[in-house]
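Trainee: Residue numbers (full-length UniProt numbering): 1 to 257.
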């Protein structure tokens with residue numbers, strides 16, 4: 001009996017033609033100042049590498065910093081908010097990342113009662129099914145957004161940039177399922193995950209290596225979603241998370257030695 005390794009298991013599920021990674025839906029912004037503002041804002045966020053839930057400078061100050069009008073900045077902020085990359089609280093400002101769905105006290109309470117291992121088990125229960133739902137309901141714009149996440153993760157110059165795009169990919173998959181309740185469950189698990197950490201286990205490399213295991217795994221997950229292959233999408237997500245789990249445990253044990 002031939003035993004397939006992890007990469008072989010992933011490849012055995014067919015691939016589709018890849019949509020250009022640079023394609024992203026920007027119909028909601030005009031093609032003059034608005035698009036430029038979106039590019040400038042994305043560049044600013046990538047350069048600063050803000051942690052999740054960091055508050056951005058006020059609009060007037062931010063517009064001056066990136067050299068755009070406040071009107072165009074607002075359009076760019078709206079696009080990133082719709083994509084879950086920023087969230088805004090009236091009277092308090094604009095913050096990095098997806099809008100929290102659970103109160104901080106609730107997240108802290110759950111975090112006190114769980115562990116990193118339980119968080120991974122929860123992800124293994126919910127995320128393969130989210131990938132299955134995405135394969136059923138994803139739009140062309142969703143696929144473009146997923147390709148952008150995959151491409152940007154490969155091009156990340158730091159681990160933090162990679163982690164930001166990796167987080168964005170997984171949430172975009174959850175969004176593509178078009179189920180508000182499942183998305184809320186995903187966001188709650190993700191909020192707990194950020195609280196119950198394994199600890200940031202640094203490697204000697206400043207950025208993910210070109211053969212980082214997640215790159216191909218992400219490609220194959222998105223391929224399955226685009227092909228409407230529900231079973232493959234779920235299986236590939238499960239294999240991917242199992243690999244993540246294996247690497248985290250190995251790095252944790254290595255750091256403890």
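Ideal Cβ positions, reconstructed from N, Cα and C, are used throughout, including at glycine.
Between residue 227 and residue 71, what straight-line distance do the alpha-carbon atoms span, to the nearest angstrom?
Mentor: Approximately 39 Å, taken between the alpha carbons.
Trainee: Classify residue 250: buried if its beta carbon has 16 or more other beta carbons within 10 angstroms, exposed otherwise.
Mentor: Looking at its Cβ environment, which holds fewer than 16 other Cβ atoms inside 10 Å, residue 250 is exposed.
Trainee: Counting C-beta neighbours from all protein chains within 10 Å, is the total for residue 225 16 or more, i.e. buried, or is it exposed?
Mentor: Residue 225 comes out buried.
Trainee: Have a look at residue 244 and residue 171 and give me their C-alpha separation to the nearest angstrom.
Mentor: Their backbone Cα atoms lie some 16 Å apart in a straight line.
Trainee: Residue 75: buried (16+ other C-beta within 10 angstroms of its C-beta) or exposed?
Mentor: That one is buried.
Trainee: Please name the residue in 99, 51, 134 and 131 whose C-alpha comes closest to that of residue 82.
Mentor: Closest option to residue 82, Cα to Cα, is 99.
Trainee: Report all residues from its chain with a CB closer than 8 Å to the CB of residue 56; omit the five preceding and five following residues, and keep chain order.
Mentor: The residues are 50, 62, 86, 93, 94, 95 and 96.
Trainee: Quick check on the DSSP output: the beta strand (DSSP E) that includes residue 96 runs from which residue to which?
Mentor: Its beta strand (DSSP E) spans residues 93 to 96.
Trainee: Answer with buried or exposed for residue 211, where buried requires no fewer than 16 other C-beta atoms within 10 angstroms of its C-beta.
Mentor: When all chains shown are included, residue 211 counts as exposed.
Trainee: As an exercise, report each continuous alpha helix (DSSP H) stretch of at least 4 residues that is fully enclosed by the UniProt domain "HTH gntR-type" (31 to 99), in chain order.
Mentor: The UniProt domain "HTH gntR-type" (31 to 99) contains these whole alpha helix (DSSP H) runs: 33 to 48, 59 to 66 and 70 to 82.
Trainee: State yes or no: is the C-beta of residue 161 within less than 8 Å of the C-beta of residue 46?
Mentor: Yes, the Cβ-Cβ distance between residue 161 and residue 46 is below 8 Å.
Trainee: What residue range is occupied by the uninterrupted alpha helix (DSSP H) comprising residue 227?
Mentor: First-last for residue 227: undefined, no H or E at that position.
Trainee: Which residues in the same chain have their Cβ closer than 7 Å to the Cβ of residue 66, if we skip the five residues on either side of it in sequence?
Mentor: Cβ within range, chain order: 40, 41 and 44.
Trainee: Within the same chain, show all residues whose beta-carbon is closer than 6 Å to that of residue 84, passing over the 5 residues directly before and after it, in chain order.
Mentor: Once the five neighbours on either side are set aside, the close Cβ partners of residue 84 are 98 and 171.
Trainee: Measure the CB-CB distance between residue 239 and residue 216 and report whether it falls below 8 Å.
Mentor: Not closer than 8 Å, so no.
Trainee: Thinking C-alpha only, which one of 127, 73 and 91 is nearest residue 237?
Mentor: Ranking 127, 73 and 91 by Cα distance to residue 237 puts 127 first.
Trainee: Under DSSP, the alpha helix (DSSP H) around residue 150 begins and ends at which residues?
Mentor: Residue 150 -> alpha helix (DSSP H) spans 140 to 154.
Trainee: Using C-beta distances below 7 Å, list every residue in its chain close to residue 179, excluding the 5 sequence neighbours before and after it, in chain order.
Mentor: Cβ neighbours of residue 179 beyond the five flanking positions: 133.
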